[in-house]
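Residue numbers (this note's numbering): 94 to 391.
The C-beta atom is built at its ideal place from N, Cα and C for all residues, glycine as well.
Here is the structure we will look at, set down as structure tokens.
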């Protein structure tokens, strides 16, 4: 069920601050308070009350969304991604709790994980360059100012398109922490998870820049996700590259958002969840099922 604990805690904090303000005001008044100080206290209390009213409204909206998701989850998710094959990529070690939440979302919507990769970061630039320089068909990736950006672009293309994956194969020992699933079929969508802090190493940052940029430009839905209250959040980085994001994939409301975003390549870019500045849910269209057209004639 949708978790309101953190928002209830925030609301309680506002109430507490309001009560403290009133008590302080009473105490000061009992010792004689000037007109200006009284006006300032009254203004502060009004601001606190307005903030409390706004938070209460948000809490009411969250509760309404929670009720909607809880009551309709099964029907909203059923067959929404029927038959779709989704690629799962971790930047950093695979987080099993995030993986479980993603598996649940995909399974509830009728999809499967096609392949999984976990990338080791920061990368070993010298090791990658030496490996690629020894392979004539990949040696061009070992030279040039944009070489690590180009490596990221090619890794994104191979991961999304499937088929032969010469760069992933060549860098298995240098870059790949986990690899599973089928490499051949193209992915119908991709879920991206970052489990490490932002990378400041230049080669690593360039590789991830190429990877994120190319994934964002692919003609298929790509969604960056994380668990509720993940720290540090990867959502600002993903959104900066034009990727859709879901910040609470471990909650039902986040799993619905993920399934909706993966259901259509033309769903546009959006940012969903309980993070500040995000919408709670995307527009949830009805699930369409194809039916066979009867043959004409006798």
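Quick one: residues in its chain with C-beta nearer than 8 Å to the C-beta of residue 377, no 5 flanking neighbours on either side, listed in chain order? Indexing the chain shown from 1 puts residue 377 at position 284. Once the five neighbours on either side are set aside, the close Cβ partners of residue 377 are 169, 349, 353.
Can you have a look at residue 374 and say buried or exposed, based on whether 16 or more other CB atoms are within 10 angstroms of its CB? Position 281 of the chain shown, counted from the start, is the residue given in the question as residue 374. Burial call: buried.
DSSP on residue 140, reduced to helix/strand/coil? Translated into positions along the chain shown, residue 140 becomes position 47. Three-state DSSP puts residue 140 in a helix.
Quick check on residue 240: buried or exposed, where buried means 16 or more other Cβ atoms within 10 Å of its Cβ? Position 147 of the chain shown, counted from the start, is the residue given in the question as residue 240. With 16 or more other Cβ atoms within 10 Å, it is buried.
With contact counted as at least three CB pairs below 8 Å, one residue from each stretch, are the region 278-294 and the region 260-269 in contact? No: fewer than three Cβ pairs fall under 8 Å.
For residue 337, the first and last residue of its enclosing beta strand (DSSP E): Translated into the one-based positions of the chain shown, residue 337 becomes position 244. Per DSSP, residue 337 belongs to the beta strand (DSSP E) from 337-339.
Just tell me which of 357, 298, 326 has its CA closest to the CA of residue 311. Position 218 of the chain shown, counted from the first residue, corresponds to residue 311. Proximity to residue 311 across 357, 298, 326 peaks at 357, based on C-alpha coordinates.
Would the region 338-347 and the region 310-328 be scored as touching if the rule is three or more Cβ pairs under 8 Å? These segments touch.
Give me whichever residues DSSP pairs with residue 42 in a beta bridge. Nothing about residue 42 can be reported from this structure: the residues present for the chain run from 94 to 391 only.
With burial defined as no fewer than 16 other Cβ atoms inside 10 Å of the residue's Cβ, what is the status of residue 222: buried or exposed? Within the chain shown, numbered from 1, the residue matching residue 222 stands at position 129. Per the 10 Å Cβ criterion, buried.
By how many angstroms is the C-alpha of residue 276 removed from the C-alpha of residue 257? For this step, residue 257 is matched to residue 164 along the chain shown. For this step, residue 276 is matched to residue 183 along the chain shown. Residue 276 has its alpha-carbon roughly 7 Å from the corresponding atom of residue 257.
Could you check if residue 242 is buried or exposed, using at least 16 other CB atoms within 10 Å of its CB as the buried criterion? The residue you call residue 242 lines up with position 149 of the chain shown. Per the 10 Å Cβ criterion, buried.
State buried or exposed for residue 271, treating a residue as buried only when at least 16 other CB atoms are found within 10 Å of its CB. Residue numbering aside, residue 271 sits at position 178 when the chain shown is read from its first letter. Residue environment for residue 271: exposed (fewer than 16 other C-beta atoms within 10 angstroms of its C-beta).
Check whether the Cβ atoms of residue 255 and residue 177 lie closer than 8 Å to each other. Here residue 255 is taken as the residue at index 162 of the chain shown, counted from 1. Here residue 177 is taken as the residue at index 84 of the chain shown, counted from 1. 8 Å or more divides the Cβ of residue 255 from the Cβ of residue 177.
Coil, strand or helix - residue 96 by DSSP: Along the chain shown, read from residue 1 onward, the residue named residue 96 stands at position 3. Note that residue 96 scores 48 on pLDDT, short of 50, meaning its location in the model is unreliable; the coordinates nonetheless yield the value given after this. Correct three-state label for residue 96: coil.
Three Cβ pairs or more, each shorter than 8 Å: is that satisfied between the region 210-221 and the region 360-374? Taking a cut-off of 8 Å on C-beta distances, the region 210-221 does not touch the region 360-374, as fewer than three cross pairs fall below it.
By how many angstroms is the C-alpha of residue 315 removed from the C-alpha of residue 252? Taking the first residue of the chain shown as position 1, residue 252 is located at position 159. Taking the first residue of the chain shown as position 1, residue 315 is located at position 222. Computed Cα separation, rounded: 12 Å.
Quick one, are the C-beta atoms of residue 274 and residue 184 less than 8 Å apart? Here residue 274 corresponds to residue number 181 of the chain shown, with the count starting at 1. Here residue 184 corresponds to residue number 91 of the chain shown, with the count starting at 1. Contact flag unset, no.
To test your reading of the DSSP string, which unbroken beta strand (DSSP E) runs of 3 or more residues are found completely within the region 198-245? Runs found: 205-212.
Answer with buried or exposed for residue 338, where buried requires no fewer than 16 other C-beta atoms within 10 angstroms of its C-beta. Within the chain shown, the letter at position 245 stands for residue 338. Classification for residue 338: buried.
Figure out for me which residue from 359, 370, 341 has the closest Cα to the Cα of residue 198. Reading the chain shown from its first residue, position 105 is the one you call residue 198. Ranking 359, 370, 341 by Cα distance to residue 198 puts 341 first.
Cβ of residue 287 within 8 Å of Cβ of residue 327? Counting from 1 along the chain shown, the entry for residue 287 is found at position 194. Counting from 1 along the chain shown, the entry for residue 327 is found at position 234. Taking 8 Å as the cut-off, the beta carbon of residue 287 is found closer than this to the beta carbon of residue 327.
Where residue 217 and residue 208 are concerned, what is the direct C-alpha to C-alpha distance, given to the nearest angstrom? In the chain shown, the residue the question calls residue 217 occupies position 124. In the chain shown, the residue the question calls residue 208 occupies position 115. About 24 Å.
Does DSSP put residue 300 in a helix, in a strand, or in coil? Stepping through the chain shown from its first residue, residue 300 is reached at position 207. When DSSP states are grouped into helix, strand and coil, residue 300 belongs to the helix group.
Helix, strand or coil for residue 311? Go by DSSP, reduced to three states. Here the question's residue 311 lines up with position 218 in the chain shown. Residue 311 falls in the coil class under three-state DSSP.
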